[in-house]
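Worksheet for the structure shown next.
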Amino acid sequence: MDYEITLATTMGIGIIAALSLNLITGFCGQISLGHAAFTGIGAYCAAMMTTSGLPFALALFAGGVLAGAVGVVVGLTSLRVRHDFLAITTMGVGFLFIGIVRQQDALGGELGIYGIPGSGLGREGFMILTMALAAAVAGFSLYIKRSWMGYAFDAVADDEDTARMLGIDVARYKLTAFALGTALAGLAGGLYAHHVRYIGPDSFGFTESVAILAMVVVGGIGSVPGIVLAAAVMTVLPQWLQVVADYKLLLYGGLLFAVMRFSPGGLAALVRVRRPAGPPPRRAAEGGAE
Amino acid sequence: MLAVELTVQGLVQGSIYALIAVGLTLVYGLLRILHVAHAGLFTLGGYLGVLVTNATGSLGLALVVAMIAVGLLGIGIYRFCYKPILDRPPYVALIASIGLFIAMEEIFRLVFGPYGISYVDPPLSQTVGVAGLSLRQAEIATMLGAVALIGGLAALAGGTRIGTAWRASVTDPQMAQSFGIDIDRVRHLNFFIGSALAAAAGVMVALLNNLVEPTMGSVPSYKALAIIVLGGLGDVRGTLIAALALGVIEAFGTIYLGSLLDRDAIAFAFLILVLMLRPAGLFGKA
Numbered sequence: 001m002d003y004e005i006t007l008a009t010t011m012g013i014g015i016i017a018a019l020s021l022n023l024i025t026g027f028c029g030q031i032s033l034g035h036a037a038f039t040g041i042g043a044y045c046a047a048m049m050t051t052s053g054l055p056f057a058l059a060l061f062a063g064g065v066l067a068g069a070v071g072v073v074v075g076l077t078s079l080r081v082r083h084d085f086l087a088i089t090t091m092g093v094g095f096l097f098i099g100i101v102r103q104q105d106a107l108g109g110e111l112g113i114y115g116i117p118g119s120g121l122g123r124e125g126f127m128i129l130t131m132a133l134a135a136a137v138a139g140f141s142l143y144i145k146r147s148w149m150g151y152a153f154d155a156v157a158d159d160e161d162t163a164r165m166l167g168i169d170v171a172r173y174k175l176t177a178f179a180l181g182t183a184l185a186g187l188a189g190g191l192y193a194h195h196v197r198y199i200g201p202d203s204f205g206f207t208e209s210v211a212i213l214a215m216v217v218v219g220g221i222g223s224v225p226g227i228v229l230a231a232a233v234m235t236v237l238p239q240w241l242q243v244v245a246d247y248k249l250l251l252y253g254g255l256l257f258a259v260m261r262f263s264p265g266g267l268a269a270l271v272r273v274r275r276p277a278g279p280p281p282r283r284a285a286e287g288g289a290e
Numbered sequence: 291m292l293a294v295e296l297t298v299q300g301l302v303q304g305s306i307y308a309l310i311a312v313g314l315t316l317v318y319g320l321l322r323i324l325h326v327a328h329a330g331l332f333t334l335g336g337y338l339g340v341l342v343t344n345a346t347g348s349l350g351l352a353l354v355v356a357m358i359a360v361g362l363l364g365i366g367i368y369r370f371c372y373k374p375i376l377d378r379p380p381y382v383a384l385i386a387s388i389g390l391f392i393a394m395e396e397i398f399r400l401v402f403g404p405y406g407i408s409y410v411d412p413p414l415s416q417t418v419g420v421a422g423l424s425l426r427q428a429e430i431a432t433m434l435g436a437v438a439l440i441g442g443l444a445a446l447a448g449g450t451r452i453g454t455a456w457r458a459s460v461t462d463p464q465m466a467q468s469f470g471i472d473i474d475r476v477r478h479l480n481f482f483i484g485s486a487l488a489a490a491a492g493v494m495v496a497l498l499n500n501l502v503e504p505t506m507g508s509v510p511s512y513k514a515l516a517i518i519v520l521g522g523l524g525d526v527r528g529t530l531i532a533a534l535a536l537g538v539i540e541a542f543g544t545i546y547l548g549s550l551l552d553r554d555a556i557a558f559a560f561l562i563l564v565l566m567l568r569p570a571g572l573f574g575k576a
């Protein structure tokens, strides 16, 4: 039973991380290749607080707030640079984060932080908390998608200049998307730190950012049910099947490539094809190759 | 004296960055694709260089084989991977390329083993004194090789009919096509040359470190992206300057900023700083 509990907890954390990136990349169309840095900020903040004796709930909350605050600062870059430039900048933020953490002895340096205390909820309690939070984030995502803000995000994603012309405050919505998405990533990080009880710079590197992006892309950029399914399967599969664990990166890489090459809308688009009345797959960014 | 030494070290590293980044910026200029998998071709170049040198004893032959084989693979990647998704939004090709790169690294690990390979009898390993500095032959060869290859590229682009067609396609693909230029052939050539240059860089890095590992492309791959953004995407001259500048900045930064930032993060700190001040890169027009 312990094993299943661990599995379910990991799954919940994966779902929160993937949905948090979806708020930024899926809903608001701002590509981020450094999302793991924000899970890292949340994880380090929460872990530092609980190891110095502060309560778990407060640490989790503070981790989210700090990640969100840094997220707004990074979001400011999205007001200056767009598309490909933004992708590289966010990737740079990811490298900068681990580059800084590696050199700070206060944060454990290369070795990371060991012996993070438990949540005090017990294994089952922690699983229930994680699953409940994952469900809440999924509900929140669906709510946002149907709200006025969701439509505004959609407009910004589709065509920023037209959105601005229609009187939408593009900067405010972009920053909101970054604030929400990165705060939730920080939450996922705090949960991760208290689940695994060890964090180091390598837990939040580029590979992790790509893994989160892979969940969003495989699920279907912008589709909440698709992403929940993809995140659940992609976090659990490597733990279930040793073969998958051994070739995890090959599989992630191959999947990312194959989905983009053959079905850029992800799982969600595959389902939608069977429903002739459905809307056409959305193009998140303007302009093709030429 | 330390400053001169650091500058020279930086220029050696910068020449490698330049060789990788030029191919990347050429692909971006022509297709608007951030070709992350380019660094996978760089790694493959390194492997082929070591394997062929060990088998035949000739570094020159190894360089030629690596450049041609990897160049052809570059064409294959364009044909199979990018051509079908050119009309999609740009992030599609970017994500596909990241996926391809990660998968390539894993394939190298599976095929060539996780620990890397070395030259049995490392060529150009002697040290020579130049103007009071002691340099390894491999370092001199790297700089000269980079100058020769990029000079050759400039001559090709500037002085031949193929080069004219190439530049025309970068400036205005539709117009070039209506003047009878076969755009697809230009793209093939572009991928061949860019990939061959990356392979040459791989062979040179293999010489400098006497080690080729599956993940040797990771850091250069992301750094090359930072470089082409700094140079103003698609701008070859800007890319060359940015590559050399970054090599030198890193060499100094490792000494003076080492306690604050890891070497590989310096490039990105510099990148973010520059982009915030000049969103179109160092030399771009905002």
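Protein chains in written order, with my numbering: chain A, 1 to 290; chain B, 291 to 576.
Note that the Cβ used here is the ideal one computed from N, Cα and C, for glycine as well.
{"Item": "Helix, strand or coil: which one does DSSP assign to Thr450/B?", "Value": "coil"}
{"Item": "Going by DSSP in three states, Leu423/B sits in which element: helix, strand or coil?", "Value": "strand"}
{"Item": "Of the residues that make up the segment 194 to 216 of chain A, which ones have a beta carbon closer than 8 Å to any beta carbon in chain B?", "Value": "Phe206, Thr207, Val210, Leu213, Ala214"}
{"Item": "Run through chain B and tell me which residues come within less than 8 Å of Val81/A, C-beta to C-beta.", "Value": "Leu565, Pro569"}
{"Item": "Expressed to the nearest angstrom, what Euclidean distance is found between the alpha-carbon atoms of Ile41/A and Gly63/A?", "Value": "7 Å"}
{"Item": "If you scan the segment 24 to 96 of chain A from start to end, which runs of the alpha helix (DSSP H) of 4 or more residues do you find wholly inside it?", "Value": "36 to 51, 56 to 80"}
{"Item": "For the 8 Å Cβ check, are there 3 or more pairs between the segment 491 to 511 of chain B and the segment 441 to 457 of chain B?", "Value": "no"}
{"Item": "For Met394/B, count neighbouring C-beta atoms within 10 Å of its own C-beta (all shown protein chains included) and say buried if the count is 16 or more, exposed if not.", "Value": "buried"}
{"Item": "Checking contacts by CB at 8 Å: is Gly278/A closer than that to chain B?", "Value": "Low per-residue confidence applies at Gly278/A: pLDDT is 44, beneath 50, and the placement is therefore not dependable enough to give any value."}
{"Item": "Name the DSSP bridge partner or partners of Thr417/B?", "Value": "Arg426/B"}
{"Item": "Ala438/B to Leu237/A, Cα distance in whole Å?", "Value": "50 Å"}
{"Item": "For Phe27/A, count the other beta carbons within 10 Å of its own beta carbon; 16 or more makes it buried, fewer makes it exposed. Which is it?", "Value": "buried"}
{"Item": "Got a sec, what are the start and stop residues for the alpha helix (DSSP H) Met357/B sits in?", "Value": "349 to 367"}
{"Item": "At the level of alpha carbons, what is the spacing between Ala352/B and Val401/B?", "Value": "19 Å"}
{"Item": "In chain B, what lies closer than 8 Å to Ile88/A by C-beta?", "Value": "Leu324, Leu515, Ala516, Val519, Leu561"}
{"Item": "Flag this pair as yes or no: are the beta carbons of His35/A and Ser209/A separated by less than 8 Å?", "Value": "yes"}
{"Item": "Should Arg261/A be labelled buried (16 or more other beta-carbon atoms within 10 Å of its own) or exposed?", "Value": "buried"}
{"Item": "When you compare the CB positions of Gly219/A and Ala231/A, do they come within less than 8 Å of one another, or not?", "Value": "yes"}
{"Item": "Candidates Thr77/A, Thr51/A, Val156/A, Ala8/A: which alpha carbon is nearest Tyr114/A's?", "Value": "Thr51/A"}
{"Item": "Looking at the structure shown, is Val410/B part of a helix, part of a strand, or coil, going by DSSP?", "Value": "coil"}
{"Item": "I'd like to know whether the C-beta of Pro380/B is nearer than 8 Å to at least one C-beta of chain A.", "Value": "yes"}
{"Item": "As an exercise, report each continuous alpha helix (DSSP H) stretch of at least 4 residues that is fully enclosed by the segment 315 to 352 of chain B, in chain order.", "Value": "328 to 346"}
{"Item": "Name, going along the chain, the residues of the segment 392 to 404 of chain B whose beta-carbon falls closer than 9 Å to a beta-carbon of chain A.", "Value": "Ile392, Ala393, Met394, Glu395, Glu396, Ile397, Arg399, Leu400"}
{"Item": "At a CB distance below 7 Å, what residues from the segment 484 to 512 of chain B approach chain C? Give them in sequence order.", "Value": "Note that chain C does not occur in the displayed structure, where the protein chains are A and B."}
{"Item": "Do we get a CB-CB distance below 8 Å when we pair Gln30/A with the residues of chain B?", "Value": "no"}
{"Item": "By how many angstroms is the C-alpha of Val81/A removed from the C-alpha of Gly287/A?", "Value": "Residue placement at Gly287/A is flagged as unreliable, the pLDDT there being 39, under the threshold of 50; the coordinate-derived value follows with that caveat. In a straight line, the C-alpha of Gly287/A is about 16 Å away from that of Val81/A."}
{"Item": "Quick check: is the beta carbon of Ala106/A nearer than 8 Å to any beta carbon in chain B?", "Value": "no"}
{"Item": "Is the Cβ-Cβ distance between Val228/A and Ile15/A less than 8 Å?", "Value": "yes"}
{"Item": "Which residues bound the alpha helix (DSSP H) around Ile199/A?", "Value": "No alpha helix (DSSP H) contains Ile199/A, which DSSP labels as neither H nor E."}
{"Item": "Applying a beta-carbon distance threshold of less than 7 Å, which residues of chain B neighbour Ile100/A?", "Value": "Leu551, Ala555"}
{"Item": "Which class does Ile517/B belong to by DSSP, given the choice of helix, strand or coil?", "Value": "helix"}
{"Item": "Who are the neighbours of Ala389/B on chain A, taking C-beta pairs under 9 Å?", "Value": "The question names Ala, but residue 389/B in the sequence shown is Gly. Correct list: Val210, Ala214, Val217, Tyr252, Gly253, Gly254, Leu255, Leu256, Phe257, Ala258, Val259, Met260, Arg261."}
{"Item": "Can you pull the chain B neighbours of Thr9/A, defined as C-beta to C-beta under 7 Å?", "Value": "Ordered by position in chain B, no residue passes the 7 Å Cβ test against Thr9/A, which lies about 26 Å from the chain."}
{"Item": "Please classify Ile471/B: does DSSP put it in a helix, a strand, or coil?", "Value": "coil"}
{"Item": "Should Gly92/A and Leu561/B be called a contact, given that it needs their Cβ atoms to be closer than 8 Å?", "Value": "yes"}
{"Item": "Relative to the C-alpha of Val74/A, which candidate in Ala345/B, Ala570/B, Leu563/B has its C-alpha closest?", "Value": "Leu563/B"}
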